[in-house]
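Residue numbers (the numbering used here): 139 to 378.
Beta carbons: idealized from backbone N, C-alpha and C, even for Gly.
Every value quoted in this text rests on a predicted model; they were computed, and no experiment measured them.
(1) I believe residue 271 touches residue 288 by the beta-carbon criterion, under 8 Å. Please report the beta-carbon distance rounded to the nearest angstrom.
(2) Which residues bound the beta strand (DSSP E) around residue 147?
(3) For residue 224, count neighbouring Cβ atoms within 10 angstroms of its own Cβ and tell me buried if that reaches 16, exposed if not.
(4) Which residue marks the beginning of the alpha helix (DSSP H) containing residue 179, and which one marks its end?
(5) Taking 8 Å as the threshold, find out whether the segment 283-299 comes into contact with the segment 256-273 through three or more Cβ pairs.
(6) Closest by CA to residue 309, which one among 303, 321, 283 and 326?
(7) Rank 187, 186 and 141 by C-alpha distance to the C-alpha of residue 175 and give the top, closest one.
(8) Shortest alpha-carbon distance to residue 249 belongs to which of 240, 257 and 280?
(9) Taking the alpha-carbon of residue 373 as reference, which of 351, 350, 344 and 358 has the nearest alpha-carbon?
(10) Which partner residues does residue 308 have in the DSSP bridge list?
(11) Helix or strand or just coil, what does DSSP make of residue 200?
(12) How big is the Cα-Cα spacing for residue 275 and residue 243?
(13) Please state if the CB of residue 279 and the CB of residue 332 are separated by a distance shorter than 8 Å.
(14) Would you give the residue range spanned by the alpha helix (DSSP H) that residue 164 belongs to?
(15) Hey, residue 168 and residue 154: beta-carbon distance below 8 Å or not?
(16) With DSSP as the reference, label residue 297 as helix, strand or coil.
(17) Which residue wins for smallest C-alpha separation from residue 323, given the options 229, 307, 335 and 337?
(18) Buried or exposed, going by whether 16 or more other CB atoms sit within 10 Å of the CB of residue 328?
(19) Could you tell me the distance, in whole angstroms, from the CA atom of residue 259 to the CA atom of residue 152?
(20) Counting only runs of 3+ residues fully inside the segment 226-299, write out the beta strand (DSSP E) ranges in chain order.
(21) Starting from residue 153, follow its DSSP beta bridges and name the residues at the other end.
(22) When DSSP labels each residue in this structure, what does residue 356 get in the three-state scheme?
(23) Might you give, ordered along the chain, the residues of its own chain that have their beta carbon closer than 7 Å to the beta carbon of residue 189, omitting 5 neighbours on each side?
(24) Between 311, 197 and 360, which has its C-alpha nearest residue 149's C-alpha?
(25) Give the straight-line distance between the Cα atoms of residue 161 and residue 177, rounded to the nearest whole angstrom.
(26) Under the three-state reduction of DSSP, which class applies to residue 319: helix, strand or coil?
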């Protein structure tokens, strides 16, 4: 079986779809979690019939992509990995909101300009590719932020308490912002923290490093946290 990438104009909007020719009874359509439109059809079905079928499903496709785009999830402040980033999406980043704008560009590039996250690509009509560019940008910014904050926080804990720098791991977690594995010297940080203010992320690092000194959540533990961040309650509240 061979899959071909094609485009069809629907009500003035270009939809990219992936056509697979195989022995099937009907023309079938499936929309993946990344928003890609998959079509399967028998080799004897003419292209115009397939494209008319896609046009007839335009409203369904748009609704499905909007659902995947996670409008409600983005408003809830906790967008997960299943959010589909595309033109017009509202992306929370370090406590601010940025509207995704897709522009033509000879080189693939993502940057913040004013109140927008600008995605430049020559393949601007490929929604799945745009989504991938935004995801890669977010991942890289998260890794950079975690590396810098870990360096700053671990240096202070080393200076005051002799705590060695931890091995930092990144993971998307549903129920916690960070976790500390004391015996292994490992701290796991939630990748969704990139959506919140930098000081809130710093608080999570301080919280986890404090567990190397006090393993529980006793008053002594929070005295250690307060030593490094006197206003920790304010920044912790941003995460709720």
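Taking the coordinates as given:
(1) Contact flag wrong, Cβ pair sits at about 26 Å.
(2) 141-148
(3) buried
(4) Taken as a continuous stretch (DSSP letters only), residue 179 belongs to no alpha helix (DSSP H), being part of the beta strand (DSSP E) at 175-179.
(5) no
(6) 326
(7) 141
(8) 257
(9) 344
(10) 327
(11) helix
(12) 16 Å
(13) yes
(14) First-last for residue 164: undefined, no H or E at that position.
(15) no
(16) helix
(17) 307
(18) buried
(19) 16 Å
(20) 228-231, 234-242, 247-251 and 254-259
(21) 146
(22) coil
(23) 146
(24) 197
(25) 13 Å
(26) strand
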